[in-house]
Each structure stands twice: as C-alpha cells, then as structure tokens.
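Quick note on my numbering: the sequence shown kicks off at 367 and runs consecutively.
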Amino acid sequence: MAQEKPELNILSNDISTAQNKFEKKRYQKILPRHNIRKRCPPQGTRRNNDVYVTSSSNFKSQLGQCRKLIEEGEQEIVIHGLGAALPQAINLALQLQDLSHNTWCVSTGTDTVDVVDDLEPLSDDVDFDTRVRPNSCIHIKLVKKP
367 MAQEKPELNI
377 LSNDISTAQN
387 KFEKKRYQKI
397 LPRHNIRKRC
407 PPQGTRRNND
417 VYVTSSSNFK
427 SQLGQCRKLI
437 EEGEQEIVIH
447 GLGAALPQAI
457 NLALQLQDLS
467 HNTWCVSTGT
477 DTVDVVDDLE
487 PLSDDVDFDT
497 RVRPNSCIHI
507 KLVKKP
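Take a look at the structure:
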C-alpha cells in the first residue's frame, strides 16, 4: 500500500502538468496572432463621493481628493479598486482612517467583474475577436461615525 501512494501522486502531477500545458497552448493560439486591446471596465453611475483607484493613479492626489471630500462635509466616501489596484485602494482607505483618528467606520465588499478584451488581428487571415475575463474588485465604504 505504501508503494501505491507515490504512483498516485506522480499520476496526479502528470495530469496537472498536462492541464497547464493545455492552458499555455490555448493562450499561445490567441496571443501571437492578435493584439490585445483592453476595454474600460464597467462603472455604475458616478457620484461625487466615489473615488476610483487605478494602479497608475497618483496616491497623494487621491488622498487629497478624499480629504477635500471630508472637508466639504461628505458623510460617506466610497473607494473602488479593480485588479492590480486592490492594494492601493485598501491603503488609501487605511490612510484616511488613520488621518481622521478613527472617526470613520470602514466596511468592505469584494466582487468579480467581467471585463472585455478586444483581440485585433495582426494579419489578414485572422478575424477580430473578443475575450471576456473575470477581474476582482473591491468597494470600500467609509461612513462618518455619529
């Protein structure tokens, strides 16, 4: 019985390796023949108190934008982050809470959003195509404590 377990592990490793090779081949079929153009992610109706964080946005300016909202008397600020901007959105919310000496209640919600990529052909023998992929997002709501 002790000899069967290593064989099963080897077999399961071979299967997972084969699956990884399949996924790699599938991407190789798409990428060399297409140029990928990412569309803007879907956004709901934008309000004054919504702050959208991207990975390329300047952290200091977004912190200043949130502080300006606080000075204007906003009772609620919602910070949105998508994909690679999740840590930056979380950091922004924590910095705001720290600067305001914990006078804000923080609640978070996570979600998965389907984003669309346009696959533009690099040659004439390939057609235009689209690809839908899931992307993680976070919504952080800061509410002024009464």
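All residues carry an ideal CB built from backbone N, CA and C; glycine is no exception.
Computed from a predicted structure; not experimentally measured.
- Excluding its 5 nearest sequence neighbours in each direction, T469 has C-beta neighbours in its own chain below 7 Å: K510, K511, listed in chain order.
- Under the three-state reduction of DSSP, D484 is assigned to strand.
- If you draw a 10 Å sphere on the C-beta of Q428, you find 16 or more other C-beta atoms in it, and that means buried.
- Note on H467: under 16 other CB atoms within 10 angstroms of its CB, so exposed under the neighbour-count rule.
- For a cut-off of 8 Å, the C-beta gap from Q454 to F494 is around 33 Å, too long to register as a contact.
- R499 carries a strand assignment under DSSP once its states are collapsed to helix, strand and coil.
- Counting the other CB atoms within 10 Å of its CB gives G447 a total of 16 or more, which places it among the buried residues.
- Annotation for K404: D483 place their beta carbon closer than 6 Å to its own, counting only its chain and skipping 5 residues before and after.
- For E442, there is no enclosing alpha helix (DSSP H); the residue is found in the beta strand (DSSP E) stretching over 442-448.
- The secondary-structure analysis by DSSP pairs C471 across a beta bridge with V509.
- Per the C-alpha coordinates, the member of S422, V417, G449 positioned closest to K434 is V417.
- With contacts defined as CB atoms closer than 8 Å, V419 and I402 fail to qualify as a contacting pair.
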